[in-house]
Amino acid sequence: MCSPGMHLSALFYSRSTLFMVFAVAVLLARADSFVHVDFHRHGNDWSYGGEHGPTHWHAVFPTCGGENQSPIHIETHKVFVNHKLTAFEMEGYDQIQNLNMSLKNNGHTVQVDLLGVQPRLRGGGLSRDYQAAQFHFHWGATDDRGSEHALDNKHYPMEMHIVHHSSHYSGLSDAMDKAEGLKVLGFFFEIGEENEQFEKIISHFKEIAHKDDHVEIEAIPLRSLLPSDLSTYYRYQGSLTTPPCYESVIWTVFQETIQISKRQLDIFRHEVKQNLPTEPDIDLTDDFRPIQPLNSRNIYTSNINGRIQQEPVSRPQNSAKVLTVSISYMISLLMFALIRL
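All the letters of the sequence shown, read from the start, carry residue numbers -31 to -1, 1 to 310 under mature numbering (1 follows the signal peptide of the UniProt record, and there is no 0).
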């Protein structure tokens, strides 16, 4: 039989352990609340300049300081050939039946939401199907900047991203913090001839001149917006280029560019504003994130002129998922301690 002193000692130890477990669980829960940021609710907590600019994003959105961030600089003499990077199968990319398009100005970019039957993407070394949900643009105030990615030290005046979510999930909001939940196709723009297909979008910019403006537009086949040659592209594991910067994106950046006229590009620069209609007008421009460190990642190419193939590096783990597992573990310890009491 144990002495009363031993009972008191055991009780004190149990309660001390319980307090420590509870305290750690609370701290982890608080950290998790910072990682699982509501992207839309915190839409005004970041910008492309000043005290809320890219160098400060990580203070509010910790994942923006991660090791697998985007965009990156693609140096073609350092990429590795991956023979699994075959041609894409683009189901529904050439159709508009049951597809609706909504054009909007969200204060950070011009975006086209794809509603109804969404086009699907498969092949190209992907292990699952992805559905196209929206596309948007990043552009600069001058012709020597604007694209988020750089190719052999060159920035282009604009870049388009077609954002897809894994068909395993119901939509972007459900997939954006999951490993390989998103697939983004990136396309560079060069100044050249008038682009008739993009004119069908640009012609509506007066209707979305200010933040939160939106308008339904006539559906356009996605394939008609893309370059004719999609055979050469670059692949790497990265992140969203805007907060919350989840590291959940399989990136594909194409080498072939899209042509757009100087006049059309100037409409992006001067006709779309980043402010509400009740505020002084500020051109929506230079909406791109600076280049992020490649760190230990490799970049792969579908082009046979690349270097000898290397084994892929391990897939990045999302910090939000790691924290979720940690909290579940700590809660289990807490419940066990309560039972022991």
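Every residue gets a Cβ at the ideal spot worked out from N, C-alpha and C, and that includes glycine.
query	result
Selected residue, minimal CA-CA separation from Ser193, among Leu54, Ile43, Met59	Met59
Identity of the residues DSSP links to Trp108 by a beta bridge	Met127
C-alpha gap between Glu44 and Thr221, whole angstroms	14 angstroms
Residue burial classification, Gln261 (beta-carbon count within 10 angstroms, cutoff 16)	buried
Under 8 angstroms between C-beta atoms of residue 312 and Leu151	The chain is shown only over -31 to 310; residue 312 falls outside these bounds and no answer can be derived.
Rounded Cβ spacing between Gly207 and Ile41 (contact assumed at less than 8 angstroms)	7 angstroms
Val241, buried or exposed, once every other Cβ within 10 Å from all chains shown has been counted against 16	buried
Whole alpha helix (DSSP H) elements within the stretch 157 to 220, 4-residue minimum	165 to 171
Selected residue, minimal CA-CA separation from residue 334, among Leu234, Leu263, Ala178, Gln233	Nothing in the structure corresponds to residue 334, since the chain is present only between -31 and 310.
Residues sharing a beta bridge with Arg91, DSSP	Glu58
Own chain partners of Ile189 with C-beta closer than 8 angstroms, once the 5 adjacent residues on each side are dropped	Ile65, Met70, Gln166, Lys169, Ile170
Buried or exposed (CB count within 10 angstroms, at least 16 for buried), Ser142	exposed
Whole-Å CB distance - Thr254 paired with Ala110, under 8 angstroms assumed	5 angstroms
Straight-line Cα distance separating Val86 from residue 321	Any question about residue 321 goes unanswered here, given that the chain covers just -31 to 310.
Ile41 CB to nearest heavy atom of the ligand GTP below 7 angstroms	Within the structure as shown, the ligand GTP is missing, as the structure has no ligands at all.
Glu247 classed as buried or exposed, judged by whether at least 16 other C-beta atoms fall within 10 angstroms	In the sequence as presented, Glu is not what sits at residue 247; that position holds Thr. Thr247 should be labelled exposed.
Start-to-end residues for the beta strand (DSSP E) that takes in Val79	79 to 85
Exposure of Cys204, with buried meaning 16 or more beta-carbon neighbours within 10 Å	As written in the sequence, residue 204 is Arg, which differs from the Cys given in the question. Classification of Arg204: buried, given that the 10 Å Cβ count is 16 or more.
Ser283 burial status per 10 Å Cβ neighbour count (16 or more: buried)	Annotation note: pLDDT 35 at Ser283 (below 50); position unreliable, no value reported.
CB of Thr270 within 8 angstroms of CB of Leu54, strictly	yes
Sub-8 angstroms separation of His46 and Tyr99 beta-carbons	no
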